[in-house]
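S.K.:
Protein chains in written order, with our numbering: chain S, 5 to 505; chain V, 5 to 505.
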């Protein structure tokens, strides 16, 4: 082994162990920890986080990284080691140029800001949150400024943190296409949406039975219970300790059948990705998904493309009806499929259907872009937000809670994150188009055999972890880099068919 | 604040954070983690353990400890800080004299040995385990040898690790009394045990209902659900992250009503101790129970002294009957109380009744003492074990699994641990005798009001954490140091009454 890499290894291992511990505390906090624990446990997590940073960012590692980035040393490295060095280089690029005291001050601010956001959302008062958001934006602008190189724009620095293949140019092109094709489609669909009955979804659904059915769904799509467990929390999420321990958590509502089911399929998609990363990569810096966008591609592939299709439900819909005969015995499979694909403009991103979802993202993207390139007053954000919802969706939020305050991301300074959701769905469509060429997906689904799908994704995407980026994966799998046409076609075909347009 | 202590603080905080993380991983491993996780997670826990050791045992801390042990510096310290320095001194005494490479080699051996033990127990083959046990004993002898000072014996060095107030002399005196008084009592009781019917206990008891009733019991005795959660595992245990997050785990069997209930009360006793340690001590080296013996005193006080009394069950037995009317409607409270206190010689320590329990401990203590002072061949242990069971209990194990192999402790090198169980019960009796003097315990129990009991234990014992040792606590609470007479009297009174002797 390369002698510099050998010296680097213990630092990486230590960082991995501390990161895994932080992940376990995060899982535990969301799913189990008692009410009073937080104040004391946060002291523990704070120390572990500091130690994590120290184990990666220090003079020894800095010197080793420099050496290992050298072309001559690179010849000595395995592909995985090269990918690890690249990833470590990104971490240094993100953190090195920011003065540690500013970074610490920002983290403290973010923690306060997120609490102020939660309170302001509850109280429906954007004004209470605005001063904190203002400071958060100022910090993020300053940090992005430190990191800007060449002809990149500050906002792009942030975008690349979540999805390195998508800058402003790529996203503008992508979102223009959506505006051109999907907004008119949504309008057409909306006119017909009233003809679709979904009242069955809001009847009384026993929680215990939901849990059992969701557990079944998770295993059905490919979640491996030898390598994972299922929990319960206020918001669904996925958390991995390594590829042999990947956890998903779901939320159950008595008066909504869909919510927990599709969250479970969605999180299972994330989990299947992490579970199928190669053993040789797990517990390294590249032992996780390639990017936010690629992760979201997996979860949305399972949730929407597979999970909301007729072929998927054909073998298992009867089981659902038998679970809730009192609510579903008169609801045909066709009726159910139209119900779970009902689309219409809406105010809340996380509850949006597949068709209106990207519009929610475009609105956030456009506002973020403005924030980082123009002098927008934070106080004007609710008005800007509401105007865009009216323009693109034809509806206006009646208050801040269901408008500008609905998402937590900005309160933490997570600017540049939202676009990766939309990118993910489009990436999923592109992969799906390719899969249709090489395997009879619908046949498999009708047989209840999802193994070939899981194996395909494992062999072409999952096993590589973060050793390739989104465009490299897309190129290797589909023969071309990102191409939004597949997404547009997928949505047009699907909704024309469902709505007889 | 003392400048040396101020410098020491970050090392202590780091060790605390790492220890808390290890505790969470341990809890998670036993209650939740998926089947395949262990191999990968153990790498994480190994690194966290190394870091824990490094944060406490290093040149900086060693120098600071030396300074702070100096009489002049001690004047500057608060009582809590003094106790922390004393505790840190103990850690150094335990580990400093052992060469690190031997310590590491031993830990690796212990890990292998415990797995060999589990397999040997399953296969009922002591011979497969003997070579590992032999090595473990050799290491422990060597380590104890390094640490022996003055006229102490090597075995005492180990005993003091678990209970610093009890050496060989104290334990010999204590156990001689038990042999003299309790073995004859057990014989008398055994003759009458057949007249006591306990068949109701082994009927079918729905697990979900057991869980609900056990949860009720836990809260009833004083477990605070704002500061703790309940889990499920192969063996009941208690694990704290700090005094605001204390977790208990129980095991449920469909054909045994008692097992989960009394385990739950027992673990709740441990948890109540940890939950009521003062906020100023938690997350420090003295922010836990005073000793193994004092901890076991709390759990057994709740489980046996309180939990198996008529007064305890009077207000809640009806609730239990209503939970399982099919099994209990014809079982009177008196019948039930005699059932849960049925005593007879037995082979398995963990399933033993209150009366025969200390005999199990005496056998182990006598064997451990022999191992560390005489040249006992490990191969002869099963025979020695069986002979002692015959001598003290009048019964002989039919195989290794229910004999010499039943406990895991020795496979980990935990010699000197067992006596603390017996000490704990005796300490509980002594505290109970004092409490009877100052409060109407039975009246409180009959009213279903356990708060005064919890508050007494909190104010006189729990809140002090490990700032006092067992004898200091006993002296402060009861006016005298450890006195086994209370225990003998408690057992004699109780069993004479129950069995009409």
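Glycine residues also receive a C-beta, built at the ideal position from the N, C-alpha and C atoms. Here the structure is a predicted model, which is why all the values come from computation and not from measurement.
From the DSSP secondary-structure annotation, give me the bridge partner or partners of residue 251 (chain V).
M.R.: V:233 and V:243
S.K.: With contact counted as at least three CB pairs below 8 Å, one residue from each stretch, are the segment 265-284 of chain V and the segment 347-366 of chain V in contact?
M.R.: no
S.K.: How many whole angstroms separate the CB atoms of residue 518 (chain V) and residue 172 (chain V), which I take to be in contact at a CB cut-off of 8 Å?
M.R.: As shown, chain V starts at 5 and ends at 505. That puts residue 518 (chain V) outside it, with no answer to give.
S.K.: For residue 291 (chain S), decide whether its Cβ has a neighbour in chain V, counting only Cβ atoms nearer than 8 Å.
M.R.: no
S.K.: Chain S beta carbons: is any one of them nearer than 8 Å to that of residue 55 (chain V)?
M.R.: yes
S.K.: Starting from residue 153 (chain S), trace the alpha helix (DSSP H) both ways and give me its first and last residue.
M.R.: Looking at the DSSP string, residue 153 (chain S) is not in any alpha helix (DSSP H), and its letter there is neither H nor E.
S.K.: So that I know if they touch, is there some Cβ in chain V lying closer than 8 Å to that of residue 252 (chain S)?
M.R.: no
S.K.: Would you call the segment 58-65 of chain S and the segment 10-17 of chain S in contact, with 3 or more CB pairs under 8 Å?
M.R.: yes
S.K.: Taking all protein chains shown into account, do 16 or more other C-beta atoms lie within 10 angstroms of the C-beta of residue 126 (chain S), making it buried, or fewer, making it exposed?
M.R.: exposed
S.K.: Have a look at the DSSP bridge pairing and note the partners of residue 260 (chain V).
M.R.: V:257
S.K.: Please state whether DSSP places residue 66 (chain V) in a helix, a strand or coil.
M.R.: helix
S.K.: Between residue 40 (chain V) and chain S, is there a C-beta pair that is closer than 8 Å?
M.R.: yes
S.K.: Look at the alpha carbon of residue 398 (chain V) and the alpha carbon of residue 489 (chain V), and state the distance between them as a whole number of angstroms.
M.R.: Residue 398 (chain V) and residue 489 (chain V): Cα-Cα distance of roughly 25 Å.
S.K.: Does any residue of chain V have a CB that is nearer than 8 Å to the CB of residue 286 (chain S)?
M.R.: yes
S.K.: Just to confirm the assignment, what range does the alpha helix (DSSP H) spanning residue 443 (chain V) have?
M.R.: Run containing residue 443 (chain V): none; DSSP gives neither H nor E here.
S.K.: Residues of the segment 221-233 of chain S with a CB closer than 9 Å to any CB of chain V: list them in chain order, please.
M.R.: 228, 229, 230, 231, 232 and 233
S.K.: Kindly list the residues whose CB is nearer than 6 Å to the CB of residue 413 (chain S), restricted to its own chain and excluding five residues on each side of it in sequence; keep chain order.
M.R.: 421
S.K.: Which same chain residues, not among the five before or five after residue 449 (chain V), have their C-beta less than 6 Å away from its C-beta?
M.R.: Counting only Cβ-Cβ distances below 6 Å, and skipping sequence neighbours, we find 315 and 316.
S.K.: Taking any Cβ of chain S, which residues in the segment 424-437 of chain V have a Cβ under 8 Å from it, in chain order?
M.R.: none
S.K.: With 8 Å set as the bound, which would you pick, yes or no: does the beta-carbon of residue 60 (chain S) sit closer than that to a beta-carbon of chain V?
M.R.: no
S.K.: For the segment 250-277 of chain S, list every residue whose C-beta sits within 7 Å of some C-beta in chain V, in sequence order.
M.R.: none
S.K.: Out of curiosity, what's the CA-to-CA distance linking residue 270 (chain S) and residue 140 (chain V)?
M.R.: Spanning the two alpha carbons is a distance of roughly 50 Å.
S.K.: Between S:267, S:179 and S:249, which has its C-alpha nearest residue 215 (chain S)'s C-alpha?
M.R.: S:267
S.K.: Going by C-alpha distance, which of S:441, S:174, S:318 and S:452 is nearest residue 339 (chain S)?
M.R.: S:318
S.K.: Since residue 51 (chain V) meets chain S, which of its residues come closer than 7 Å, beta carbon to beta carbon?
M.R.: 17, 18 and 21
S.K.: With a threshold of 8 Å between beta-carbons, can residue 44 (chain S) be considered close to chain V, or not?
M.R.: yes
S.K.: At a Cβ threshold of 8 Å, is residue 405 (chain S) touching chain V?
M.R.: no
S.K.: Cβ of residue 41 (chain V) within 8 Å of Cβ of residue 36 (chain S)?
M.R.: no
S.K.: In its own chain, which residues sit with a C-beta less than 8 Å from the C-beta of residue 69 (chain S), not counting the 5 before and 5 after it?
M.R.: 12, 89, 92, 93 and 96
S.K.: Residues of chain S with a CB under 8 Å from the CB of residue 65 (chain V): which are they?
M.R.: What residue 65 (chain V) touches in chain S: nothing, since even the nearest Cβ is about 16 Å away.
S.K.: Around the Cβ of residue 211 (chain V), are there at least 16 other Cβ atoms within 10 angstroms (buried) or fewer (exposed)?
M.R.: exposed
S.K.: Kindly indicate the opening and closing residues of the alpha helix (DSSP H) around residue 411 (chain S).
M.R.: No alpha helix (DSSP H) contains residue 411 (chain S), which DSSP labels as neither H nor E.
S.K.: Taking the continuous alpha helix (DSSP H) assigned at residue 466 (chain S), which residues delimit it?
M.R.: No alpha helix (DSSP H) holds residue 466 (chain S); DSSP gives it neither H nor E.
S.K.: For residue 409 (chain V), collect the residues of the same chain with a Cβ closer than 8 Å to its Cβ; drop the 5 residues on either side in sequence, then sort them by chain order.
M.R.: 121, 124, 125, 128, 130 and 133
S.K.: By a C-beta neighbour count over all protein chains shown, 10 Å radius and 16 as the cutoff for buried, is residue 39 (chain V) buried or exposed?
M.R.: exposed
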